[in-house]
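Everything on this sheet refers to the single structure shown next.
Protein chains: 2
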Amino acid sequence: MIKHLGKHVNQEIQIEGWLFNKRSSGKIRFVIVRDGSGQVQGVMAKQETDPELFELAGEVTQESSIRVRGFVREEPRAPSGYELTVTGLEVVGGSEDYPITLKKHGVDFLADRRHLWIRGPRQASILRIRSEIEQAIRDFFYQRDFILADSPIITSLAAEGTTNLFEIDYHGEKAYLAQTGQLYSEATAMALGRVYNFGPVFRAEKSKTRRHLLEFWMVEAEMAYCDFEQNLKVQEELVYYIIQRVLERNRLDLNTLKRDISKLEAVTLPFPRLSYTEAVKILQDSGEDFQWGEDFGAPQETLLSDHYESPVFVHRFPADIKAFYMKPDPSESRVVLGADLLASEGYGEIIGGGQRLDELEPLQQRIKEHNLPEEEFAWYTDLRRYGSVPHSGFGLGIERTVAWICGLEHIREAIPFPRMLYRIRP
Amino acid sequence: MIKHLGKHVNQEIQIEGWLFNKRSSGKIRFVIVRDGSGQVQGVMAKQETDPELFELAGEVTQESSIRVRGFVREEPRAPSGYELTVTGLEVVGGSEDYPITLKKHGVDFLADRRHLWIRGPRQASILRIRSEIEQAIRDFFYQRDFILADSPIITSLAAEGTTNLFEIDYHGEKAYLAQTGQLYSEATAMALGRVYNFGPVFRAEKSKTRRHLLEFWMVEAEMAYCDFEQNLKVQEELVYYIIQRVLERNRLDLNTLKRDISKLEAVTLPFPRLSYTEAVKILQDSGEDFQWGEDFGAPQETLLSDHYESPVFVHRFPADIKAFYMKPDPSESRVVLGADLLASEGYGEIIGGGQRLDELEPLQQRIKEHNLPEEEFAWYTDLRRYGSVPHSGFGLGIERTVAWICGLEHIREAIPFPRMLYRIRP
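Protein chains in written order, with my numbering: chain Z, 1482 to 1907; chain S, 1482 to 1907.
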């Protein structure tokens, strides 16, 4: 694998990959090979190379699959630090008129060819970073004795109304694709203590923004015997851990993306905390026309996060703009013990979380106020009927986190095959 | 956490959990506490215990949430090896008339209360083992430089016809819930080399058996430059690794399930391999009325696996009973380079996989023969048009693997919230 070339300096090795690009400079030919783990430049000097091989290197086309033999050389000017002196080349599968050339293409053109677009170095780097982030999250929870408890995708529950839900016909019954696994994770937390779920969630939103997908991945943690403050601590440790893992293990990918790494290195623990009420004051002082009780949009989130180098928690939102299951702050009942984490550099909300309402009657009351079907929520209220405990949790959106860490303008690049309002193929 | 009690012998600690059960034996009271990580027995001798505390221990009800203080003692007769001498008890949340008592309940009664049923030691052990298996799988692939590339759930593709697919209305377009992410993983493998996807998949089957769920989890690996034999090797290493992890880290849970551990310890590498044609002969010799060309059902799978202590690969199936993308065996074109892995002890197929058809024209031909919409598969055939390579992969069903390793009779216990033909709640 190209990523392990450093272990084979001055040895002859074989790479199985694809031709990303080639160049010719008089009597030297360069073939740039990718194998999915990275890319490397192979060099052939005409005088020192078998004429047939030199000829073949001139003919092989972009994205042909090739086996390349060669000696690994240290080359400080190469992005990876290594280069290959080519001794052999074999074409496995040809490639004629590969549609994505090295010139600039429009976004729709590329999106229609997402199955090929992902072969390019930028997309491949993003997907490798995404993979590292997902493994980092799982390692984080595993090391802390969380149990992975997968929540169901098909559900009869509509925790926030049915408007934004994809509906399916479940053998004659109406069912929905889950927008969250949280309510189920509250049940598994009462069984297993500390749990998380990590899977796809769905929102049938009509909106088309740089931050929205209709299908995206979310990790949600839920902890029994955990209060609001302890919950924030787990969140900031998780986000910090993710950043350190990527900085440590995806340096080349970050370079490929031309990411300003200093911005990621500037993130430190603990993350700043700001109450909603304080946040409103900051917005108003900045001249924003924003009233207490309103919800933040992207411009407000950007404005707030611009004050900090690390992500910032905004906590204790008005109860009216938050979900029915949030616990009111005992010292100020118009706000709830919930917090959003806003990523730095204007990337907006990446986490929503808080302490859950753990008393039976107030919860039943809220379900009524929200006009939710009481019967469907009977099992959920059971969790407050039998051995209720203070508990808290949060959900982190994967694509927004990937977009932030990679420095992407649009979330569609943060997932292998994005599902957007008018985009279901490939 | 109860699972870490061994680190605190003779120290006073506090457990935050729930009352699983209590017993009284004259002047001694026992409270069995669970906290999600395990359970432990707390002991109170009347003479040595504060009378108020002793009284409270008699009153606390099943599944009340409690904080228990006490000294950790080694106790060889306890399943975990430890016991607690109780010095304090506090009820956090009460629990009246908890519906699942310690007597036997019917399966429907329990399934209706799945949110509570999972609190019992048997279900909790299964879910902890499931969590360990899922992390083991991810660690296995991570250690081998696979990239996790999540495949989409909502898709316009119907790789095996639309009969068994859940349909959704995607803003006016017909779409389906994916039954497999394989075709997408073939695309990501051409971009990233070695990939896997791991998520929920869906089959709208009308069948109601011990082995079927309508929503289940599957991990699918796909490897560029990988042939049929190399693919089998990855599969058997993965399954062996999973078993070793569970044997090493979930011994107490396996004991709770009364699993015959010797059967798991008997699994060794390499796994036996049996061609379909050989398998048919074994079945016929056993008196089964089975003809070459038929597909195996559960009884045949059980009969075959009974010959081995390890899981067994059955390979080179008739092309007619396998998917359109399988590569024909060059030395016998009526069979394909596919293999199923049958778990031992009659647990049936847990893996299906094989080498993929990597030539453009034969693949187009097969798509036509299967009456699949060519246009929808245009991006998939592109993978053979631009730098095609020999590639192989496989998919492992999580719930069947959990059921086998845990020794479960029915797959419904292998997932937190099973979705079956008439079961969508809770």
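For each residue, glycine too, the CB sits at the ideal point set by N, CA and C.
Between the alpha carbons of Z:R1548 and Z:T1882, how many angstroms are there, rounded? 36 Å
Just the C-alpha distance for S:K1689 and S:S1612, rounded to the nearest angstrom, thanks. 25 Å
Cutoff 7 Å: Z:D1734 Cβ touching any chain S Cβ: no
The segment 1845-1860 of chain S in contact with the segment 1871-1879 of chain S per 3-pair CB rule at 8 Å: no
Does chain Z have any CB closer than 7 Å to the CB of S:A1605? yes
Let me know if Z:I1599 comes out buried or exposed under the rule of 16 or more other beta-carbons within 10 Å of its beta-carbon. buried
Contacts that S:Y1579 makes with chain Z (C-beta to C-beta distance below 7 Å): Y1867
Reference Z:I1614, options Z:D1631, Z:M1807, Z:I1724 and Z:V1573, closest by Cα: Z:I1724
Against chain S, does Z:H1788 count as a neighbour if the rule is that its beta carbon must be under 7 Å from one of theirs? no
Pull the bridge partners of Z:Y1563 from the DSSP assignment, please. Z:E1555
Pop quiz: Z:A1670 and Z:E1703 are said to be a contact at Cβ under 8 Å. What is the actual Cβ separation, rounded to whole angstroms? 4 Å
I'd like to know whether the C-beta atoms of Z:G1575 and Z:S1545 end up nearer to each other than 7 Å. yes
Please work out which residues of its chain come closer than 7 Å, Cβ to Cβ, to S:G1878, disregarding the five sequence neighbours upstream and downstream, and give them in chain order. F1697, M1699 and I1831
Go ahead and label Z:K1585 buried or exposed: buried means 16 or more other beta carbons lie within 10 angstroms of its beta carbon, across all protein chains shown. exposed
Per DSSP, S:K1503 forms a beta bridge with which residues? S:V1512
Kindly indicate the opening and closing residues of the alpha helix (DSSP H) around Z:E1718. F1709 to R1730
Beta bridge counterpart(s) of S:Y1651 as assigned by DSSP: S:E1654
Check S:E1536 in the structure and name its three-state DSSP category. helix
Where Z:I1634 falls: helix, strand or coil (DSSP): coil
Note down, in chain order, all residues in the segment 1649-1662 of chain Z with a beta-carbon under 8 Å from any beta-carbon belonging to chain S. I1649, D1650, Y1651, H1652, E1654, A1656 and L1658
Cross-chain neighbours of Z:M1699 in chain S, by beta carbon under 8 Å: Per Cβ cutoff of 8 Å: no residues; Z:M1699 is ~12 Å from chain S at best.
Touching by the beta-carbon criterion (3+ pairs, under 8 Å), the segment 1748-1757 of chain S and the segment 1781-1795 of chain S: yes
Using three-state DSSP, classify S:I1496 as helix, strand or coil. strand
Please name the residue in S:G1653, S:E1701 and S:G1819 whose C-alpha comes closest to that of S:L1838. S:G1819
Out of Z:R1619, Z:S1666 and Z:A1640, state which residue places its alpha-carbon closest to the alpha-carbon of Z:L1864. Z:S1666
Kindly identify the DSSP beta-bridge partner or partners of S:D1810. S:E1813
Would you say Z:G1523 reaches chain S, if we count a Cβ-Cβ gap shorter than 7 Å as a contact? no
Using a cut-off of 9 Å between C-beta atoms, extract the partners of Z:F1511 located in chain S. Simply none; closest approach about 19 Å.
Am I right that Z:T1566 and Z:R1554 are in contact with their C-beta atoms under 8 Å? What's the rounded C-beta distance? 6 Å
Own chain, CB closer than 8 Å to Z:G1680, minus 5 neighbours either side, in chain order: D1631, S1632, I1634, G1662, W1698 and M1699
Pick from S:E1769, S:L1638 and S:K1803 that is closest to Z:I1905, judged by C-alpha positions: S:L1638
Contact residues within the segment 1543-1571 of chain Z, judged by C-beta distance below 7 Å to chain S: E1544, S1545 and S1546
Chain B partners of S:V1761, CB-CB under 9 Å? Included in the structure are the protein chains Z and S, with no chain B among them.
Is S:I1599 helix, strand or coil when you go by DSSP? coil
Show which residues of chain Z have a CB atom less than 8 Å away from the CB atom of S:T1669. I1599, L1608 and P1897
Interface flag, Z:A1672 vs chain S, CB-CB below 7 Å: yes
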